[in-house]
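Per this note's numbering, the sequence shown starts with residue 40, numbered consecutively.
For each residue, glycine too, the CB sits at the ideal point set by N, CA and C.
No experiment lies behind these values; they were computed from the predicted model shown.
First up is the structure itself, then whatever we jot down about it.
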Amino acid sequence: MAAKLTSIQALRGIAVVLVLFSHITALEWRHGWPETFLPQLLTQGTGGVDLFFVISGFVMVLVSAGRFQQSGTFWQFLYRRAIRIYPIYWFFSAVVLGIYLLRPTWVNSSQEGAVDFLASFLLLPQEIHPLLGQGWTLEHEVYFYLVFAFALLLPERWLPRFLLGWALVVAVGWNLVPLGFRILDNNWALHIANPLTMEFILGALAACFPLRVGREGGKICVLAGLLLLLGGIATINYSSEPGLRLITRGLPVALIVWGAVAWERAGNFRVPGWLLAVGDASYSIYLCHMLVLSAVARLWSPIRQVGLWDNALAVFLMAVLSLALGFASYHWVELPLLRWCQKRPEVPLRTRLAPLLQRLRPRASV
40 MAAKLTSIQA
50 LRGIAVVLVL
60 FSHITALEWR
70 HGWPETFLPQ
80 LLTQGTGGVD
90 LFFVISGFVM
100 VLVSAGRFQQ
110 SGTFWQFLYR
120 RAIRIYPIYW
130 FFSAVVLGIY
140 LLRPTWVNSS
150 QEGAVDFLAS
160 FLLLPQEIHP
170 LLGQGWTLEH
180 EVYFYLVFAF
190 ALLLPERWLP
200 RFLLGWALVV
210 AVGWNLVPLG
220 FRILDNNWAL
230 HIANPLTMEF
240 ILGALAACFP
250 LRVGREGGKI
260 CVLAGLLLLL
270 GGIATINYSS
280 EPGLRLITRG
290 LPVALIVWGA
300 VAWERAGNFR
310 VPGWLLAVGD
320 ASYSIYLCHM
330 LVLSAVARLW
340 SPIRQVGLWD
350 NALAVFLMAV
360 LSLALGFASY
370 HWVELPLLRW
380 CQKRPEVPLR
390 TRLAPLLQRL
400 RPRASV
């Protein structure tokens, strides 16, 4: 298995561009009305998050193939996932923390500046958005990885059954929410039962199926997924019911991911270099883009002139500066941090705690 699949990197690039332009569109319609440059339909680009979740499940199965029930796999998997998520996330969270200390009203203004610092930095489930707003999706990713790590303790052939059992827990839990069960009246339970988990499971299940449909079969799957996705966007307001997001976004996106990888495996799959570069830097772009958009919007709003071209200039600046900062972050912050963490020894937890346990052990009296 190659370290990176071209199709997956391209889809990551598409996902982050969708999210970026959905947020740019929302800001333009908030500050630039009545003459707007971008169509409001682009706010549906939040579906890039669904694409990220499905990709995450798909990739976890691929990178774990052949490593089930191996000694130390559980802790190695969690360590590798942690260093992939936390270091660069903490970097940008620290930047936002500095802004919050200077100008509290500039951070999470929709929730009146309320922040749970511990939950924000550890990515624990919470009712409000974390300090770095995009972190709400990472709270889900951390949960996904924690549960998936337990699957690595089982025989690999049991993985589909494990995933289906997990899906059953989510489905039952979500259907208990409207009944008002007290056990679900807390952030952790509601997080576990969130239908968005199904998108990760869908991606993981998709990776369990053989990818031998050939190039034409892969193309058909991608096209079918796109048609279903566009049909769902045109006919259903998924945001009014979280469960609909699984049908209108999760299922079509899983079909697209599976078809794209099958197409690449069959050969003759080409992707523009710039899209692969965006895919490589997608995590940094995702984490930093709202900082850029907020800064440009604050500078633009007081001086803007009512007119289409004024809005177009602001949109251009938001997009270009977000991508530029994302690429800079990827090359100068994310990659160096990741390389440094990869040099750290992946020592089992029991070994790391041994010196502490030795000190705590009662000593025999002389």
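Own chain, CB closer than 7 Å to residue i, minus 5 neighbours either side, in chain order
i	result
Glu-180	Ser-95, Ile-124
Gly-289	Asp-89, Val-93, Met-237, Glu-238, Leu-241
Ala-351	Phe-76
Ser-340	His-70
Ala-245	Phe-97, Ala-293, Val-296, Trp-297
Gln-150	Ile-167, His-168
Gly-312	none
Val-331	Met-357, Leu-360, Ser-361, Leu-364
Phe-347	The sequence shown places Leu at residue 347, rather than the Phe named in the question. The answer, listed in chain order, is Glu-74, Phe-76.
Ala-190	Leu-198, Phe-201
Short Cβ contact (9 Å threshold) for residue i with residue j
i	j	result
Trp-302	Phe-97	no
Arg-51	Gly-318	yes
Pro-143	Leu-376	no
Leu-294	Gly-256	no
Glu-178	Leu-157	no
Gly-365	Ser-333	no
Leu-250	Arg-304	yes
Tyr-128	Leu-262	no
Leu-266	Thr-287	no
Phe-107	Leu-193	yes
Leu-235	Arg-284	yes
Val-335	Leu-362	no
Phe-113	Ala-188	yes
Asn-307	Arg-378	no
Same chain, Cβ closer than 8 Å to residue i, five either side skipped, listed in chain order
i	result
Val-146	Val-135, Ile-138, Tyr-139, Gly-152, Val-154, Leu-170
Ile-231	Tyr-182, Val-208, Val-209, Gly-212
Cys-380	Ile-122, Pro-126
Cys-247	Val-100, Leu-198, Pro-199, Leu-202
Leu-185	Leu-117
Glu-67	Thr-75, Phe-76, Leu-77, Asn-350, Ala-353, Val-354
Met-40	Only weak support is given to the placement of Met-40: the predicted model assigns it a pLDDT of 41, under 50, and the question is left unresolved by the model.
Val-372	Ile-127, Phe-130, Ser-323
Lys-258	Gly-298, Trp-302
Ala-316	Gly-52, Phe-366
Gly-282	Trp-213, Pro-234
Trp-175	His-168, Pro-169
Rounded distance between the beta-carbons of residue j and residue i, thought under 8 Å
i	j	result
Phe-60	Leu-80	That belief does not hold up - the Cβ atoms of Phe-60 and Leu-80 are roughly 10 Å apart, past 8 Å.
Val-310	Ala-54	14 Å between Cβ atoms; not a contact.
Gln-173	Met-329	6 Å
Val-58	Gly-84	6 Å
Ser-32	Ala-299	Residue 32 lies beyond the range of the chain shown here (40 to 405); nothing can be said about it.
Ser-132	Phe-160	6 Å
Any chain D beta carbon closer than 9 Å to residue i
i	result
Ala-54	Chain labels in this structure do not include chain D; a single protein chain is all it has.
Residues near residue i in its chain [Cβ-Cβ closer than 6 Å; skip 5 each side]
i	result
Ser-368	Ser-323, Cys-327
Gly-87	Ala-54, Leu-57, Val-58
Gln-165	Asp-155, Ala-158, Asn-226
Ile-272	Gln-83
Leu-314	Ala-49, Gly-52
Lys-43	none
Val-252	Ala-301
Leu-374	none
Handout entry: Segments of 4+ residues assigned as alpha helix (DSSP H) that fall wholly inside the region 257-333
Key = 281-284, 290-305, 312-319
Practice task
Could you name each continuous alpha helix (DSSP H) segment of 4 residues or more that falls completely within the region 63-143, going from the start of the chain to the end?
Solution key: 86-103, 112-141
Practice task
Please list the segments of the alpha helix (DSSP H) lying wholly inside the region 174-234, counting only runs of 4 or more residues, in order along the chain.
Solution key: 174-190, 198-215, 226-231
Practice task
List in chain order: all unbroken alpha helix (DSSP H) runs of 4+ residues lying wholly within the region 351-390.
Solution key: 374-382
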